Amino acid sequence: MLVNIKNINKSYKNQSLKLDILKNIEFEIEEQDFIALMGPSGSGKSTLLNLIAGLDKPDNGSIFFSNNDICKMNSKEIARFRRDYLGFVFQEYNLIDTLTASENIALALTMKKYNVNEIEEKINKIMRILSIDKLSNKLPYQLSGGERQRVACARALIKSPKLILADEPTGALDTKSANDLMNCFNDININLNATILLVTHDIFTASYCKKVLFLENGEVKSKWERNNLSRNEFLNKILTEMNIKRIN
-11 MLVNIKNINK SYKNQSLKLD ILKNIEFEIE EQDFIALMGP SGSGKSTLLN
39 LIAGLDKPDN GSIFFSNNDI CKMNSKEIAR FRRDYLGFVF QEYNLIDTLT
89 ASENIALALT MKKYNVNEIE EKINKIMRIL SIDKLSNKLP YQLSGGERQR
139 VACARALIKS PKLILADEPT GALDTKSAND LMNCFNDINI NLNATILLVT
189 HDIFTASYCK KVLFLENGEV KSKWERNNLS RNEFLNKILT EMNIKRIN
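According to the working numbering, the stretch in the sequence shown is residues -11 to 236, in order.
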C-alpha cells in the first residue's frame, strides 16, 4: 500500500460560520493504482488532493504515505516529501514562457544531483515516451494546449515520483487532446508503473482510470472499479451508476 487515508475531516471557518468540506474520508491507494476523484463542484475533490499533497492539513485524521503520516510532518519534512515523492500536473500547465519545452522539464531536476549528460538523457527518454521529442526546442506559446499539457506531464514524471497528482488535467483541452493525454497517462501507468490520482468532473476522462471514487457533500459516496472492463464498458458503468444516484 502506498497511501492510506484514515478518517480525514476538513472544515473552514468564516467568522461564526463553519463549513465542513470533508467528512470521515477513508480509502487506500495501492502502488500502480490509477484513480479518479469525481463529484459535483464543492464536493471536496481538490481539497482532498491538496491534503494528500501536503499543501494543507486536515482538522483530524491521518494520511500515511509509505507508513509515514504526512499530517505530522513539519514544513521542512513536507517540502522534502513533495520534492522526492510527488509529481504534479495542473489544469493551467504552469510552464515558464521564456524556457523551451526541454528546459521546463529540466526544472524538476534542479534539486537533484545529476550532471548535464544525465539530465539530457532523462529528458530525451521521457519526451520520447510521451511523443513530444520533436518539441524539445519550442517555447510554450508555440505549442498547442495538448502539447503543453504533455510537457507538464513530462516535467512531473522526469524525477520518477512515487505518486502523480493531477488536478483537472483535461479541463482546458479539446476532446482529441484530452483523449491523447489520457492515453499518455494510461501508458505511463502501465509501462512506467506510475501511480496516479486525478481530479476530474469529466466522465470520459474518468473512464480511462482503474478506479473511480465519487465524492458528494464531502463524503465518499461510491467506489467503482474497472477490473476487466473495456474503457467503453467502464464508461457505461459509471453513467449507469450516476443515473441511479440521480434517481435516488
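Ideal Cβ positions, reconstructed from N, Cα and C, are used throughout, including at glycine.
Keep in mind it's a predicted model, so treat the numbers as computed, not measured.
Tell me which residue opens and which closes the beta strand (DSSP E) that residue i is part of.
i          : result
leucine 5  : 5 to 17
lysine -6  : -9 to 2
serine 50  : 48 to 53
glycine 75 : 74 to 78
Given a cut-off of 8 Å, decide if residue j and residue i are closer than it, judged by their beta-carbon atoms.
i             : j            : result
valine 139    : leucine 83   : yes
isoleucine 9  : serine -1    : yes
leucine 7     : valine 187   : no
threonine 183 : alanine 166  : no
alanine 144   : valine 77    : yes
proline 157   : glutamine 79 : yes
Looking only at its chain, what residues have a beta carbon closer than 6 Å to the beta carbon of residue i, apart from the 5 residues adjacent to it on each side?
i                : result
tyrosine 129     : none
phenylalanine 53 : Val(-9)
glutamate 207    : Lys11
Can you name, in chain order, every residue of its own chain whose Cβ lies under 7 Å from the Cβ of residue i, other than the five neighbours on each side?
i              : result
leucine 227    : Ile191
isoleucine 107 : Ala94 and Leu97
glutamate 229  : Ser210 and Trp212
Apart from the five residues just before and just after residue i, which ones in its own chain have a Cβ nearer than 8 Å to its Cβ?
i              : result
methionine 115 : Ala89, Ser90, Ile93, Asp121, Leu123, Ser124 and Ala142
asparagine 237 : Summary: the structure shown does not reach residue 237, with the chain confined to residues -11 through 236, and so no result is reported for it.
serine 31      : Leu203, Glu204, Asn205 and Gly206
asparagine 220 : Ser195
threonine 35   : Lys(-2), Ile9, Leu10 and Asp44
Does DSSP classify residue i as helix, strand or coil?
i              : result
asparagine 215 : coil
isoleucine 23  : strand
alanine 41     : coil
aspartate 155  : strand
serine 124     : coil
asparagine 92  : helix
serine 195     : coil
Which two residues bound the contiguous alpha helix (DSSP H) that contains residue i?
i           : result
lysine 100  : Lysine 100 -> no alpha helix (DSSP H), and no H or E assigned at all.
leucine 118 : Segment: none, leucine 118 is in no alpha helix (DSSP H) and carries neither H nor E.
leucine 145 : 133 to 145
My parser needs the alpha helix (DSSP H) runs of 4 or more residues fully inside the stretch 166 to 190; what are they? None, since the stretch 166 to 190 contains no complete alpha helix (DSSP H) of that length.
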